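Let me begin by presenting the structure, written as structure tokens, before commenting on it.
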Amino acid sequence: MFYATLEGLRRFRIPHKFELVSIITLYARWIREGRLRVDPSWNTEGLRFTVQDPCKLVRQGLGDEVAEDLRFVVRAVAGEANFVEPWPNRSNNYCCGGGGGALQAGFVENRRRYGRLKFEQLAATGADVVITPCHNCHSQILDLCAHYGGSWQTTHLWNWIVRALVREAAA
Amino acid sequence: MADAPKPLDLDRLRTRLKERILGALPDGRLDYCLTCGLCVSGCPASGLEGMDPRRLLRLLVFGQDDDVLATDWIYACTMCQRCKYACPMGIDVGRIVYELRGMRPRDRRPRNLQRSCDLQKASNSTGIPDEDFVWVVGDVLEEVRRNEPEWADLQAPIDKHGAEYFLNQNAKEPTVEPEEMVHLWKILHAAGVDWTYASRWWDGANYCLFPGDPADWELTVRRQAEMVDSLGVRYYINTE
Ligand code: SF4
Ligand code: SF4
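Sequence lines, in order, name chains Z and S.
Position one of the first sequence corresponds to residue 1 (the numbering used here), numbered consecutively onward.
Position one of the second sequence corresponds to residue 1001 (the numbering used here), numbered consecutively onward.
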């Protein structure tokens, strides 16, 4: 998890020679540079996408900049017009309710009551697809959708990037 | 001295817990709380276990240490720090909750939560052997190469010294949904990225942040950092 590594390196002053980067930042950079080519024309039915801004990556990690990168990638992959913004969002987003080890801790009723707000927020977007770039968010939102009767698909981002991928013709 | 009046027992007003938290968190600023309630209105854990962030702070400030130590609300709060984001005084209840979690004796912490961290301290959060990770990656790669001719040249290197990027892998995928890893490999391949996994300390999930023991958290991050540096890579990619 991005924050655990970022903050761990900082708080414990762990020496290191590498630079810690988020895959979301890289997707966006590579698409902007033309190094990763994606084409949204697969989305013929106009599937509408929204995003979960993970606390650990956005509010506690790289801030709104990475939230913007996330949106940029989703738009590039799903089509400009097919992105729906949740509210609240970016650094002010609600936690999914699975964070902080809640998915492991076993207080299931509390976790789902917490997540009710997340369910309502996502349902209000009317999106067909909820992109969850964090594993914790992914498991929690999958569970909330099933538990409260949502109708969206909960997926990682990489599935759709591959769907939209344009590869050079083989030489 | 025998006749001297018994002093009032002010134990519950001595705020030992508050002092302890401020010792660990010099900029904890508990006393600055305006009781404005902005944290409460923005916190989805408000009301669970009869508690909310402002109430927790009041109990701490008034030295109601037993109540604070007893509440399971510390596991309803997800340490998401939205309270800190909203609070006009910058008070970080999530960080205070982290300290409180660490004060629970190990055997009184949620079992699976502590277990995920303990497993990660040995290798990875699901506890699969490192050899199994290496094997699963190789097996899944073989299958893709065989079944999808357009990806016959797909790579998933492990311990490739001097690669430009190190990629961590949440242990959930090799353990329960290995086919999910393939998407990432395809993206990196299409972008022409020189990357590698590691055969040790490859899981970036890092659950040791949650039970509240800094020593455990430090251990897992330190091991990862040493391993990534030993590969001589320039970037550590975190996928979540
Ligand atoms: S938002 Fe800050 S100042 Fe207001 S009640 Fe919460 S902790 Fe206190
Ligand atoms: S860190 Fe805890 S108290 Fe603060 S907003 Fe998140 S869940 Fe609520």
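We put the beta carbon where it would ideally sit given N, CA and C, even for glycine.
Please read all numbers here as calculations on a predicted model, not as lab measurements.
DSSP, reduced to helix, strand and coil, places residue 1180 of chain S within a helical segment of the structure shown. Z:118 is the residue among Z:118, Z:80, Z:87 and Z:35 whose C-alpha sits nearest the C-alpha of residue 96 of chain Z. Interface with chain S (9 Å Cβ-Cβ cutoff): residue 89 of chain Z is excluded. Under the three-state reduction of DSSP, residue 36 of chain Z is assigned to coil, being neither helix nor strand. Among the bridge pairs identified by DSSP, residue 19 of chain Z is matched with S:1235. With fewer than 16 other CB atoms across the displayed protein chains lying within 10 angstroms of its CB, residue 1032 of chain S is exposed. In this structure, DSSP gives residue 154 of chain Z an extended state, which the three-state scheme calls strand.
Listed by position along chain Z, the residues whose Cβ is nearer than 9 Å to that of residue 1081 of chain S are 55, 59, 60 and 95. One thing to note: residue 1020 of chain S has its Cβ within 9 Å of the Cβ of residue 1103 of chain S. Straight-line spacing of the CA atoms in residue 1118 of chain S and residue 1220 of chain S works out to 10 Å. The beta carbon of residue 1109 of chain S is closer than 6 Å to those of 1211 in its chain, skipping five residues each way along the sequence. Secondary structure at residue 87 of chain Z: coil, using DSSP grouped into helix, strand and coil.
By the rule that beta-carbons nearer than 9 Å mark a contact, residue 82 of chain Z does not touch chain S.
For residue 161 of chain Z, the nearest CB of chain S lies under 9 Å from its own CB, placing it at the interface with that chain. DSSP places residue 131 of chain Z inside the beta strand (DSSP E), whose first and last residues are 129-131. Those residues of the segment 108-128 of chain Z placed with their C-beta closer than 7 Å to a C-beta in chain S are 110, 113, 114 and 117, ordered along the chain. Between residue 162 of chain Z and residue 1183 of chain S a beta carbon distance of about 5 Å is seen, short of the 8 Å cut, so the two are scored as contacting. Contact annotation: in the segment 1164-1178 of chain S, residues whose CB is within less than 9 Å of a CB in chain Z are 1165, 1166, 1167, 1168, 1170, 1172 and 1173. With contacts defined by Cβ atoms closer than 9 Å, residue 90 of chain Z and residue 68 of chain Z form a contacting pair.
For the segment 50-114 of chain Z, the full-length alpha helix (DSSP H) segments reaching 4 residues or more read 64-78 and 102-105 along the chain. The beta-bridge partner set that DSSP reports for residue 1166 of chain S consists of S:1196 and S:1236. Scanning its chain for C-beta atoms nearer than 8 Å, with the 5 sequence neighbours on each side dropped, one finds around residue 1121 of chain S the residues 1208, 1216, 1219 and 1220, in chain order. In this structure, residue 1187 of chain S places its C-beta atom within 9 Å of the C-beta atom of residue 158 of chain Z.
The residue among Z:128, Z:143, Z:75 and Z:12 with its C-alpha nearest the C-alpha of residue 27 of chain Z is Z:75. Restricted to the segment 1105-1142 of chain S, the alpha helix (DSSP H) segments that are unbroken, complete and at least 4 residues in length are 1111-1122, listed in chain order.
Per the C-alpha coordinates, the member of S:1068, S:1153 and S:1086 positioned closest to residue 1098 of chain S is S:1068.
Within the segment 1187-1202 of chain S, those residues whose Cβ lies closer than 7 Å to any Cβ of chain Z are, in chain order, 1187, 1190, 1191 and 1192. Of the heavy atoms belonging to ligand 2, at least one sits nearer than 8 Å to the Cβ of residue 1081 of chain S. The CB of residue 1233 of chain S comes closer than 7 Å to the CB of 18 in chain Z, given here in chain order. Here residue 165 of chain Z carries a strand assignment [DSSP, helix/strand/coil]. In the displayed model, residue 14 of chain Z falls within coil according to three-state DSSP, outside both helix and strand. In this structure, residue 1087 of chain S and residue 1038 of chain S form a Cβ contact; the two beta carbons are roughly 6 Å apart against a cut-off of 8 Å. At the C-beta level, residue 1237 of chain S and residue 1199 of chain S stay beyond 9 Å of one another. Under the DSSP assignment, residue 1067 of chain S falls in the alpha helix (DSSP H) whose first and last residues are 1065-1070. Taking residue 10 of chain Z as the centre and dropping the five residues before and after it, the same chain places no C-beta closer than 6 Å to its C-beta.
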